[in-house]
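Asker: Heads up: the sequence shown is residues 1 to 764, going by UniProt numbering. Mind looking over this structure? Questions follow.
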Amino acid sequence: MGRTLQNTMINLGLQNACDEAVYQLGLDMEELEEIEEDAGLGNGGLGRLAACFLDSMATLGLAAYGYGIRYEYGIFNQKIRDGWQVEEADDWLRHGNPWEKARPEYMLPVHFYGRVEHSASGAKWIDTQVVLALPYDTPVPGYMNNTVNTMRLWSARAPNDFNLRDFNVGDYIQAVLDRNLAENISRVLYPNDNFFEGKELRLKQEYFVVAATLQDIIRRFKASKFGSTDSVRTVFDSFPDQVAIQLNDTHPAMAIPELMRIFVDIEKLPWDKAWDITKRTFAYTNHTVLPEALERWPVDLVEKLLPRHLQIIYEINQRHLDHIASLFPNDVDRLRRMSLIEEGNTKRINMAHLCIVGSHAVNGVAKIHSEIVKTQVFEDFAELEPEKFQNKTNGITPRRWLLLCNPGLAELIAEKIGEDYVRDLSQLTKLHEFVDDDLFIREVAKVKQENKVKFALYLEKEYKVKINPSSMFDVHVKRIHEYKRQLMNCLHIITMYNRIRRDPAKLFVPRTVIIGGKAAPGYHMAKMIIKLINAVAQVVNNDPMVGSKLKVIFLENYRVSLAEKVIPATDLSEQISTAGTEASGTGNMKFMLNGALTIGTMDGANVEMAEEAGEENLFIFGMRVEDVTELDKKGYNAQLYYDRLPELKQAVDQIKSGFFSPKDPNLFNDVVNMLFHHDRFKVFADYEAYVKCQEKVSELYLNSKAWTKMVIRNIAAAGKFSSDRTIKEYARDIWHVEPSDLKIPPPNEPRDAGQDKTPNGTAA
């Protein structure tokens, strides 16, 4: 979520008043804002997307709740020591959190372990361990519409009789100390992005948030006029018309068997009725196609932790496979491919399959990704129910990612086209009229220059490095992962360095290359990549032959509040994943909206950015998905490229020989070995096209006016990438709710007695 103060002031229309009031008190608002800790309760794109969605849902007046876990420790703070990443605990609650309100009156029990007893009256899950879920509510204000939604985060608490109800205890002190075991559930965020780690504590976290949330939703449904009761029993027929639940990846997939358990075991609904309601309630968003990221939980673990849920999953699977077998008799391989249970050394539950079977809608997050989902990853399911599969291209909130982080540009745009674009970003197309307006061109360039100077000052203060604000700011910030190919950027840096040294007199367009992002603590290769970038920076930044022509900076502890500083100052945005691996990306959109040009592959939302702005207004290079498939068919041979490309050979040899690690020449052996022998992401195959494309970038940068005109064309084409547009599509196509642009009256004005915020709305 990042910081909340400035976002709240902007959405409430109070920023100027607060700035003034704080100034009158002799304080500086910007200094005050820097004191707030980021809420870093997610890993990367998926968590930030949820944050943008919450802002858009409130701005569109949807009655929506964001549910998650109130981690005591969020994503680790990254320190760089001697070029290596070192993790520190993110104790973000140390000084309290003024934005949250604990709601003990809504505390709920969550059960684990135990066993299942079957009787005539149905299944009973008994002898469980209980953990309490304590909700904390954070307000989510819409933009200037007096709507405030809620983000409800659950914290784990041990019940007061925890370990004391057992007659065999005797050690009272130990029993109280053991309360920590229960409360560890919400202690810390698992720091993996795009990687599945099948740990028991992680599964506990996933079920914890799901079980608490579903009880909360059902309590709210029963209290509403729709949860009518026949004698004592609630009628759940209208449940899917009143409640929509969007599964943000498979992490909350246990919600499907949990809702079935509530309906069948507790509410005593017949299975078929319960399953119909469940399917119509859930929808699933897929966020990745990388096989190592797909959640596949061992059956033994689920059986131990959630025995009743395993039985329900087996029953869902049985009925699902019976259906497939009736449609495709004797096709055992299809049954194996489509089963929720994977046979093998350890039997596993494929959570994506569970989500697809248990949802009425499945979507990818960019056109190209949704196609890959349909035709490759889940082709059997899409063949069965093509109408279930959709696309919803991601977006970003223009409030945080333009108004808040780039007020200079936001104001400049407002002067030309009015202020309405903030709620309707498609209006940015009006900027096309000004693409030849010399004054506007100069003003856009001036705002960018001011942002660069400000960021250069920040870097000097924080990193003690002097950088040239007139150099091209070439920025690559995102989680460190092989598929995102920070290594390819690194090879380009080395190539530029070698060119400068080979011919110091030759004209060279000065660059400051900024790379930032966190590596998962257990991801060895990602950590080596960070070390390599820092080792290269060490050499480049201290070579007198290079001077101010080329500087390399690794941005420490990349997070939302740092993104808000670097993105507005960026000239060139690096979006260079291997085609077919980045589901969408959202950083790409933030850079586009803030006046950077993109160098990128035809991957994720880059494809649609090129479609909107015209491919000639992005620097597109490299293999397309078809080329990657073709190369896989014939076999990728890295050696071929190394032998054919002298500059690539030179760069790789320098890494290999210890040119960048003289004290330990073998330091980067693992990296080089990977590049030659098991590079799934084919860095060498795109190297030549990348370097050539970078030459075109430098050439255009020399012509400031032509560069800025291309920038304006990009900003004018960025409207599609508002999360408001994304959420309107979810609302229309999946949740079946109507967004309202009604500004509800502020609390100090009387309301009509009959007025109701959402007369017939579903709660999403």
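Note that the Cβ used here is the ideal one computed from N, Cα and C, for glycine as well.
Closer than 8 Å by C-beta to LEU459: which residues in its own chain qualify, once you throw out the five before and the five after it? Chain order, please.
Answerer: Same-chain partners within the cutoff: VAL465, ILE467, ILE553.
Asker: With a threshold of 7 Å on Cβ separation, who are the neighbours of VAL447 within its own chain once the five nearest residues in sequence on each side are excluded?
Answerer: GLY408, LEU409, LEU412.
Asker: In whole angstroms, what is the alpha-carbon distance linking TYR65 and GLU88?
Answerer: One C-alpha to the other measures close to 31 Å.
Asker: Using DSSP with H/G/I as helix, E/B as strand and the rest coil, what is ILE277?
Answerer: Of the three classes helix, strand and coil, the one that applies to ILE277 here is helix, per DSSP.
Asker: For the stretch 237-256 against the stretch 135-155, are there 3 or more C-beta pairs whose distance is under 8 Å?
Answerer: Judged by Cβ distances under 8 Å, the stretch 237-256 makes no contact with the stretch 135-155, as fewer than three pairs qualify.
Asker: Which residues does DSSP list as the beta-bridge partners of GLN6?
Answerer: GLN6 pairs with nothing; no bridge assigned.
Asker: Roughly how many angstroms lie between the CA atoms of ASP171 and ASP178, to the nearest whole one?
Answerer: Those two C-alpha atoms are separated by around 11 Å.
Asker: Taking DSSP's pairing of strands, which residues face LEU667 in a bridge?
Answerer: Partner(s): none; LEU667 has no beta bridge.
Asker: What's the C-alpha gap between ILE576 and SER326?
Answerer: C-alpha separation (whole angstroms): 45 Å.
Asker: What would DSSP say about HIS111, mapped onto helix, strand or coil?
Answerer: Looking at HIS111 - three-state DSSP - the assignment turns out to be strand.
Asker: VAL672 to ASN489, Cα distance in whole Å?
Answerer: Going from the Cα of VAL672 to the Cα of ASN489 covers about 15 Å.
Asker: Assuming TRP92 is part of the beta strand (DSSP E), what are its boundary residues?
Answerer: Neither: TRP92 is in no beta strand (DSSP E) and is coded neither H nor E.
Asker: In the DSSP assignment, the beta strand (DSSP E) including GLY600 goes from what residue to what residue?
Answerer: Residues 597-600.
Asker: Rank LEU402, ILE514, ASP322, VAL210 by C-alpha distance to the C-alpha of ARG261 and give the top, closest one.
Answerer: If we check each option's Cα against that of ARG261, VAL210 comes out closest.
Asker: Reducing DSSP to helix, strand and coil, say where HIS353 ends up.
Answerer: In the structure shown, HIS353 sits in a helix (DSSP, three-state: H, G or I).
Asker: Could you pull out every unbroken alpha helix (DSSP H) segment of at least 4 residues lying fully inside the stretch 594-634, listed in chain order?
Answerer: 606-613, 625-634, all fully within the stretch 594-634.
Asker: When the Cα atoms are used, what is the spatial distance from ASN606 to VAL625?
Answerer: Rounded to whole angstroms, ASN606 to VAL625 spans 13 Å at the Cα level.
Asker: Taking HIS95 as the reference, which of LEU54, ASP38, GLU105 has the closest Cα?
Answerer: Out of LEU54, ASP38, GLU105, ASP38 has the C-alpha closest to the C-alpha of HIS95.
Asker: How big is the Cα-Cα spacing for ALA50 and GLY2?
Answerer: Distance between the alpha carbons of ALA50 and GLY2: 12 Å.
Asker: Let me confirm a value: LEU27 is counted as buried when at least 16 other C-beta atoms fall within 10 Å, else exposed. Which label applies?
Answerer: That one is exposed.
Asker: Between which two residues does the alpha helix (DSSP H) holding HIS524 run?
Answerer: Per DSSP, HIS524 belongs to the alpha helix (DSSP H) from 524-541.
Asker: Could you pull out every unbroken beta strand (DSSP E) segment of at least 3 residues lying fully inside the stretch 135-188, listed in chain order?
Answerer: The qualifying runs are 148-157.
Asker: Thinking PHE684 and ALA638 are a contact (beta carbons under 8 Å), I'd like their distance in whole angstroms, please.
Answerer: Their Cβ separation, rounded to whole angstroms, is 5 Å, which keeps PHE684 and ALA638 in contact under 8 Å.
Asker: Quick check on the DSSP output: the beta strand (DSSP E) that includes LEU439 runs from which residue to which?
Answerer: It is not in any beta strand (DSSP E) - LEU439 instead sits in the alpha helix (DSSP H) that spans 438-463.
Asker: Step through the CB atoms of chain B and report whether any lies within less than 9 Å of the CB of HIS524.
Answerer: In the displayed structure, chain B is absent; only one protein chain is listed.
Asker: Please give the ranges of any alpha helix (DSSP H) in the stretch 256-306, keeping only runs that are unbroken, at least 4 residues long and fully inside the region.
Answerer: Whole alpha helix (DSSP H) segments, 4+ residues: 271-281, 299-305.
Asker: How big is the Cα-Cα spacing for ASP380 and MET338?
Answerer: Straight-line Cα distance between these residues: approximately 7 Å.
Asker: If we count the other Cβ atoms within 10 Å of its Cβ and call it buried at 16 or more, is ILE173 buried or exposed?
Answerer: ILE173 is exposed by the Cβ-count criterion.
Asker: With distance defined between alpha-carbon atoms, name the residue in PRO291, ASN714, ILE349, ASN669 nearest to TYR483.
Answerer: Ranking PRO291, ASN714, ILE349, ASN669 by Cα distance to TYR483 puts PRO291 first.
Asker: From the DSSP output, in three-state form, read off TRP401 for me.
Answerer: Helix, per DSSP.
Asker: Would DSSP call THR495 helix, strand or coil?
Answerer: If DSSP states are grouped into helix, strand and coil, THR495 belongs with the helices.
Asker: Does the stretch 303-323 come into contact with the stretch 112-124, if we say contact requires no fewer than three beta-carbon pairs (one atom in each stretch) closer than 8 Å?
Answerer: Touching, yes, given that three or more Cβ pairs across the two stretches are closer than 8 Å.
Asker: Quick one: residues in its chain with C-beta nearer than 8 Å to the C-beta of LYS367, no 5 flanking neighbours on either side, listed in chain order?
Answerer: Same-chain partners within the cutoff: ASN391, THR393, VAL607, GLU608.
Asker: Within 10 angstroms of its Cβ, does ILE69 collect 16 or more other Cβ (buried), or is it exposed?
Answerer: So ILE69 counts as buried.
Asker: Between which two residues does the beta strand (DSSP E) harbouring residue 768 extend?
Answerer: Within the shown structure, residues of the chain are numbered from 1 to 764, placing residue 768 beyond reach of any answer.
Asker: Can you tell me which residues form a DSSP beta bridge with ILE80?
Answerer: ILE80 pairs with GLN85.
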